[in-house]
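When the letters of the sequence shown are read in order and numbered with the working numbering, they come out as residues -4 to 163. Cβ atoms here follow ideal geometry from the backbone N, Cα and C, with glycine treated the same way. See structure below.
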Amino acid sequence: MNYLNMDEKKLLPVVLELNILLADYNIYYQKLRGFHWNILGKNFFDLHIKFEDLYNEAKVKIDEIAERILTLQHHPVSQFKEYIKMGSIEEVMPLMKDVEMVKELLGDHKKLLVQMKLILTHAEEANDEGTIDMIGAYIRELEKSSWMLNAWSKSTSDHLDTSMIREA
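And the structure:
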């Protein structure tokens, strides 16, 4: 029964790309857990908490993405060997410096955002408002997390673009 009232052929690319996002989020989640467990140094308290927040957010998204795939009447990919094959995010050894961890995560965020925007393109073509709404919120949240991690990695003497600020 097609309760979605959408063209199933147009939904197939949405489902395929959602499965890739699911793969990426599972690898990202595990990377965050590894960083959380292995962080050392003066930034331990800040990053230990931040990594935990990020992996808890990722865990929720993993479930929501899988449930969206099910809502679209397909089975989500659920094996790690498939995630590794499908995903663009790569596993890394978590024994690295805090600055390297943050740089790695910012690179992953970039990949996740590219994948999300690809999903939006397909979802718009399929008139899939549910996926558009979900992914739009994910983009907003990930962009904010990226801004925060990027700000953490800056020096206190760095500045953002000031071209929009007028001097009094």
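Item to check | Cβ distance (whole Å) where residue 89 is taken to contact residue 36 below 8 Å | outcome: Rounded to whole angstroms, the Cβ separation of residue 89 and residue 36 is 14 Å, and the two are not in contact under 8 Å.
Next on the checklist: Between which residues of its own chain and residue 41 is the CB-CB distance below 8 Å, once the five residues before and five after are set aside?
Outcome noted: 147
Checklist entry - Mind checking whether residue 20 and residue 64 have CB atoms under 8 Å apart? => result no
Next on the checklist: If we require 4 or more residues per run, which alpha helix (DSSP H) segments fall completely within the region 56 to 96?
Outcome noted: You should have 75 to 81.
Next on the checklist: Among the candidates 123, 77, 108 and 85, whose CA atom is the shortest distance from the CA of residue -2?
Outcome noted: If we check each option's Cα against that of residue -2, 123 comes out closest.
Checklist entry - Whose C-alpha, out of 126, 111, 115 and 49, is nearest the C-alpha of residue 97? => result Of the listed residues, the one whose Cα sits closest to residue 97 is 49.
Item to check | Supposed contact pair residue 26 and residue 87 - C-beta distance, whole angstroms, cut 8 Å | outcome: 6 Å
Item to check | residue 152 versus residue 62 - alpha carbon distance | outcome: 45 Å
Checklist entry - Using 8 Å as the threshold, is the region 65 to 73 in touch with the region 99 to 115, meaning 3 or more CB pairs across them? => result no
Item to check | Nonlocal neighbours in the same chain, by C-beta distance under 8 Å from residue 70, ignoring five residues either side | outcome: 64
Item to check | Option nearest residue 113 by Cα separation, candidates 22, 9, 82 and 18 | outcome: 9
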